[in-house]
Amino acid sequence: MLGKRHSARRIFPAVFFATCLCVTLLTAALAGPKDWENLYKQGKVDEAVAAVSAAVKARPDDATSRRWYGFLLLQKHDYQGALDQLLAARALKADGDELRLNLGMAYIGLDQSEKAIPELQQALSVHKNWAEAYYNLGTAYYLTHQLDKAVTSYQKAASLAAPNAALQNNLGLALQESGHKTQAAAALREALKLDPKNAQYAYNLGYALEEAGDYAGAGAAFTKCLSLDPNRYDVHMALADLMSSSGKETDALTHYEAATRIKPDAFTPRYNAGVLYSKLARFGKAAEAFEGAVKINPDDAEALGGLGWALYKSGKPAEGIAALEKAVAQKPSLLSAWLNLGTAYTVEGKNADAIGAWETVLKFDPKQLAAAINLGNLYYQAKDYAKSAAAYRTAVGIDPKSADAYYGLGLAYSKQTRTDEAIAQYKKAIELNPKMVAAHNNLGAEYENKRLIEEAKAEYRKALEIEPDNADAKHNLERFKETPAPTNGSHPS
Numbered sequence: 036m037l038g039k040r041h042s043a044r045r046i047f048p049a050v051f052f053a054t055c056l057c058v059t060l061l062t063a064a065l066a067g068p069k070d071w072e073n074l075y076k077q078g079k080v081d082e083a084v085a086a087v088s089a090a091v092k093a094r095p096d097d098a099t100s101r102r103w104y105g106f107l108l109l110q111k112h113d114y115q116g117a118l119d120q121l122l123a124a125r126a127l128k129a130d131g132d133e134l135r136l137n138l139g140m141a142y143i144g145l146d147q148s149e150k151a152i153p154e155l156q157q158a159l160s161v162h163k164n165w166a167e168a169y170y171n172l173g174t175a176y177y178l179t180h181q182l183d184k185a186v187t188s189y190q191k192a193a194s195l196a197a198p199n200a201a202l203q204n205n206l207g208l209a210l211q212e213s214g215h216k217t218q219a220a221a222a223l224r225e226a227l228k229l230d231p232k233n234a235q236y237a238y239n240l241g242y243a244l245e246e247a248g249d250y251a252g253a254g255a256a257f258t259k260c261l262s263l264d265p266n267r268y269d270v271h272m273a274l275a276d277l278m279s280s281s282g283k284e285t286d287a288l289t290h291y292e293a294a295t296r297i298k299p300d301a302f303t304p305r306y307n308a309g310v311l312y313s314k315l316a317r318f319g320k321a322a323e324a325f326e327g328a329v330k331i332n333p334d335d336a337e338a339l340g341g342l343g344w345a346l347y348k349s350g351k352p353a354e355g356i357a358a359l360e361k362a363v364a365q366k367p368s369l370l371s372a373w374l375n376l377g378t379a380y381t382v383e384g385k386n387a388d389a390i391g392a393w394e395t396v397l398k399f400d401p402k403q404l405a406a407a408i409n410l411g412n413l414y415y416q417a418k419d420y421a422k423s424a425a426a427y428r429t430a431v432g433i434d435p436k437s438a439d440a441y442y443g444l445g446l447a448y449s450k451q452t453r454t455d456e457a458i459a460q461y462k463k464a465i466e467l468n469p470k471m472v473a474a475h476n477n478l479g480a481e482y483e484n485k486r487l488i489e490e491a492k493a494e495y496r497k498a499l500e501i502e503p504d505n506a507d508a509k510h511n512l513e514r515f516k517e518t519p520a521p522t523n524g525s526h527p528s
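Numbering (our numbering), first residue to last: 36 to 528.
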């Protein structure tokens, strides 16, 4: 059976940090308000940037202007420009806790968090109990995968700052990745409580609850996320996977189809919908879904295999077999496609191809009982009784409690006139499945071969007790009613 595709594609949510990393408005070392300061306070950031840029050009050795320039560029997310100005200010002998905090922010923005850490630590050595610095330090630690330190820094920031949704969100993510699932969910729940209209916080909470095994809570959080942002592909995928794993295939399909509408070129929701439709035996719909997946990725062997089986089961055997053959050509080790090919070849009477397929299945998975039994059946039909017996023996080795395997082995031994061995196999089959009519009938026939007529008739009667209209057992027993019982142990004619 094909399995759904999860997210390499969605195993981990995209790391989401609140984008409002803390920077500090500069007030120290200013003789008086400047034009750019007034503009910034009026919310005119672009005009403030233009004004301070002109000031820096006019007086490139003015450290205060450069510090302001760096600060304002941080507001524009121009992290490289901000870093250049802040480092220039430092070179002009300007320093301080605000400068170091803002340098840390610039380094984090440039994905150089390892350089941010010492700047932020130095800021905290000067300005202790500074919530903003602890917040940014937590982020730098998180981004350098120092999760325990990230948690500690975020917790310190939370103890110092007013309630802050972004801080609780980031604390939750750090706790989650460090394995503290219950605490993570609590922090993320607090983030959503503080900012109930933030769809990303709802998503992060849902993911954390799912990881913690609270599937009902996860579903509620993901559903809230969709109520805030109905076009979230990742949330539809998360809900679909959650519903599918809970056995709610119809609900899962609703979300996979919604994800497909949002991202028509996405492979995974189409593929997963095909898997679920196949599971529900809605093979026409499965074929449509797999066809869509194959159009997106024509060389995906699993999708080709799923398409092949769906086409075959929806009444298109030639097309189905062709797709399955293409799947195993693309990926020769694809067991699910070989299993389905073996079945299709067998049903279509392509016995030589079926034998090859079942042998391949056993090569890749020597414990496949159905493959061994089917192989035994096909060799039996081909009158190669030695190979048939070998395949059934393999089946017995795979499952010593398989009545079908013992029955098949009995058939092969019967054809090889290995009567005692055949009797032993039929008896074992009956021991495992007392209602196996064919085993009773064939055991009776082998008893006849040994001239054990009463024992033979007893087996025929047992077969008819189980299935009164069984033609073979009826015929065998009626022969004794029409013909006097053989004497001297002679074999019935």
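C-beta: ideal position from N, C-alpha, C; glycine also.
For Ala64, name the three-state secondary structure that DSSP assigns.
Looking up residue 64 in the sequence shown gives position 29. Per-residue confidence for Ala64 stands at a pLDDT of 38, beneath the threshold of 50, marking its modelled position as unreliable; no derived number is given.
message = If you reduce the DSSP assignment to three classes, tell me which class Arg428 lands in.
response = The residue you call residue 428 lines up with position 393 of the sequence shown. Correct three-state label for Arg428: helix.
*Indicate whether Gly340 and Ala372 have their beta-carbon atoms separated by less than 8 Å.*
Within the sequence shown, the letter at position 305 stands for residue 340. Within the sequence shown, the letter at position 337 stands for residue 372. A contact, by the Cβ cut-off of 8 Å.
Determine, using beta carbons only, whether Leu182 and Glu212 come nearer to each other than 8 Å.
To locate residue 182, count along the sequence shown from 1; it is residue 147. To locate residue 212, count along the sequence shown from 1; it is residue 177. Contact: yes.
*With a threshold of 16 other CB atoms inside 10 Å of the CB of Gly327, please say whether the residue is buried or exposed.*
For the purposes of this step, residue 327 is taken as the residue at position 292 of the sequence shown. Under this definition Gly327 is a buried residue.
Q.
Suppose contacts are defined by Cβ-Cβ distances below 8 Å. Is Ala222 in contact with Leu206 by that definition?
A. As a working mapping, residue 222 is identified with position 187 in the sequence shown. As a working mapping, residue 206 is identified with position 171 in the sequence shown. The answer is yes: Cβ separation under 8 Å.
Subject >> Beta carbon of Thr378 nearer than 8 Å to that of Leu413 >> reply: Translated into positions along the sequence shown, residue 378 becomes position 343. Translated into positions along the sequence shown, residue 413 becomes position 378. It is not a contact, given that the beta carbons lie outside the stated cut-off.
Next item on the list: With Pro153 as the anchor, note down where its alpha helix (DSSP H) starts and where it stops.
Entry: Stepping through the sequence shown from its first residue, residue 153 is reached at position 118. Its alpha helix (DSSP H) spans residues Ser148 to Val161.
Is the number of C-beta pairs between the stretch 451–458 and the stretch 425–438 that are closer than 8 Å three or more? no
Beta-carbon separation of Gly139 and Glu154 under 8 Å? As a working mapping, residue 139 is identified with position 104 in the sequence shown. As a working mapping, residue 154 is identified with position 119 in the sequence shown. Yes, they are a contact pair.
Exposed unless 16 or more other CB atoms sit within 10 angstroms - verdict on Arg305:
The sequence position of residue 305 within the sequence shown is 270, counting from 1. Buried, since its Cβ has 16 or more Cβ neighbours within 10 Å.
*Within 8 Å, strictly: CB atoms of Gln218 and Leu210*: Mapped onto the sequence shown, residue 218 falls at position 183. Mapped onto the sequence shown, residue 210 falls at position 175. Taking 8 Å as the Cβ cut-off, Gln218 and Leu210 qualify as a contacting pair.
| query | Do Glu284 and Leu261 have their CB atoms nearer than 8 Å? | reply | Reading the sequence shown from its first residue, position 249 is the one you call residue 284. Reading the sequence shown from its first residue, position 226 is the one you call residue 261. No, the Cβ-Cβ distance between Glu284 and Leu261 is not below 8 Å.
Next on the checklist: Please report the distance separating the alpha-carbon of Glu323 from that of Ala273.
Outcome noted: For the purposes of this step, residue 323 is taken as residue 288 along the sequence shown, with counting starting at 1. For the purposes of this step, residue 273 is taken as residue 238 along the sequence shown, with counting starting at 1. Taking the straight line from one Cα to the other gives about 22 Å.
Original post:
Which whole runs of the alpha helix (DSSP H) in the stretch 314–361 are 4 residues long or more, in chain order?
Top reply: 318–331 and 336–348
Original post:
In whole angstroms, what is the alpha-carbon distance linking Tyr236 and Leu263?
Top reply: The sequence position of residue 236 within the sequence shown is 201, counting from 1. The sequence position of residue 263 within the sequence shown is 228, counting from 1. When rounded, the distance between both Cα atoms is 11 Å.
task: Determine the DSSP secondary structure at Leu56, reduced to helix, strand or coil.
output: Indexing the sequence shown from 1 puts residue 56 at position 21. Residue confidence for Leu56 is low, a pLDDT of 45 falling below 50, so the modelled location carries little weight; the figure read from the coordinates is stated next. Coil, per DSSP.
### Query
By how many angstroms is the C-alpha of Asp113 removed from the C-alpha of Lys76?
Counting from 1 along the sequence shown, the entry for residue 76 is found at position 41. Counting from 1 along the sequence shown, the entry for residue 113 is found at position 78. One C-alpha to the other measures close to 19 Å.
Exercise. Would you grab the beta carbon distance between Gly384 and Ser349 for me? Rounded to a whole angstrom, and I think it's under 8 Å.
Key: Here residue 384 refers to the residue found at position 349 of the sequence shown. Here residue 349 refers to the residue found at position 314 of the sequence shown. About 20 Å separates the two Cβ atoms, so there is no contact after all.
ask   = Per DSSP, what kind of secondary structure is Thr295 in: helix, strand or coil?
value = As a position in the sequence shown, residue 295 is number 260, starting the count at 1. If DSSP states are grouped into helix, strand and coil, Thr295 belongs with the helices.
Rounded straight-line distance, which links the Cα of Asp300 to that of Leu127: Numbered from its first residue, the sequence shown carries residue 127 at position 92. Numbered from its first residue, the sequence shown carries residue 300 at position 265. Those two C-alpha atoms are separated by around 53 Å.
In angstroms with no decimal places, state the Cα-to-Cα distance between Asp70 and Ala86. Walking along the sequence shown from the start, residue 70 turns up at place 35. Walking along the sequence shown from the start, residue 86 turns up at place 51. Asp70 and Ala86: Cα-Cα distance of roughly 7 Å.
task = Leaving out five residues on either side along the sequence, give the residues of the same chain with a beta carbon under 7 Å from the beta carbon of Leu109.
result = The count along the sequence shown starts at 1 and reaches residue 109 at position 74. Excluding residues within five positions, the ones whose Cβ falls inside 7 Å are Val58, Ala117, Asn137, Met140 and Ala141.
Short check: CB of Ala251 to CB of Gly241, under 8 Å? As a first step, residue 251 must be located in the sequence shown, where it is residue number 216. As a first step, residue 241 must be located in the sequence shown, where it is residue number 206. Contact: no.
query: Where does Met471 fall in DSSP's three states?
result: Counted from its first residue, the sequence shown places residue 471 at position 436. Note: Met471 maps to coil in three-state DSSP.
Margin query: Within 10 Å of its beta-carbon, does Arg296 have 16 or more other beta-carbons around it, so buried, or fewer, so exposed?
Written below: Locating residue 296 in the sequence shown gives position 261, where the first residue counts as 1. It is exposed - the Cβ of Arg296 has fewer than 16 other Cβ atoms within 10 Å.
- By a C-beta neighbour count over all protein chains shown, 10 Å radius and 16 as the cutoff for buried, is Leu56 buried or exposed? In the sequence shown, residue 56 corresponds to position 21, counting from 1. Residue confidence is low: Leu56 scores 45 on pLDDT, short of 50, so the model does not pin down where it sits. Its coordinate-derived value is still stated next. Flag for Leu56 reads buried.
- Message: I need the straight-line Cα distance from Ala480 to Leu446, nearest angstrom please.
- Response: For the purposes of this step, residue 480 is taken as residue 445 along the sequence shown, with counting starting at 1. For the purposes of this step, residue 446 is taken as residue 411 along the sequence shown, with counting starting at 1. Going from the Cα of Ala480 to the Cα of Leu446 covers about 11 Å.
| Endpoints, alpha helix (DSSP H) assigned at Ser279 | Position 244 of the sequence shown, counted from the start, is the residue given in the question as residue 279. Residues Tyr268 to Ser280.
message = With a threshold of 6 Å on Cβ separation, who are the neighbours of Tyr442 within its own chain once the five nearest residues in sequence on each side are excluded?
response = Within the sequence shown, the letter at position 407 stands for residue 442. Answer for Tyr442: Ala464 and Ala474, listed in chain order.
Handout entry: With 16 other Cβ atoms within 10 Å as the buried cut-off, status of Ser313
Key = Residue mapping note: residue 313 aligns to position 278 of the sequence shown, counting from 1. Ser313 is buried by the Cβ-count criterion.
*Burial state of Arg94 (16 or more Cβ within 10 Å)*: Here residue 94 refers to the residue found at position 59 of the sequence shown. Exposed, since its Cβ has fewer than 16 Cβ neighbours within 10 Å.
Give the single residue among Ser194, Asn204 and Ala196 whose Cα lies nearest to the Cα of Thr174.
The residue given as residue 174 occupies position 139 in the sequence shown. Residue Asn204 is the option with its Cα nearest to Thr174.
Does the Cβ of Pro355 have 16 or more other Cβ atoms within 10 Å, making it buried, or fewer, making it exposed? Within the sequence shown, residue 355 is the residue found at index 320, counting from 1. Note on identity: in this sequence residue 355 is Gly, with Pro being the wrong assignment. Buried, since its Cβ has 16 or more Cβ neighbours within 10 Å.
Just to confirm before moving on: does the CB-CB distance between Lys17 and Tyr176 stay below 8 Å? The chain is shown from 36 up to 528; residue 17 falls before or after that span and cannot be answered.
Ordered along the chain, which non-local residues of its own chain (more than five positions away) have a Cβ less than 6 Å from that of Tyr291?
On the sequence shown, residue 291 is found 256 positions in, with the first residue counted as 1. Closer than 6 Å at the Cβ level, and outside the excluded window around Tyr291, lie Ala275, Pro304, Asn307 and Ala308.
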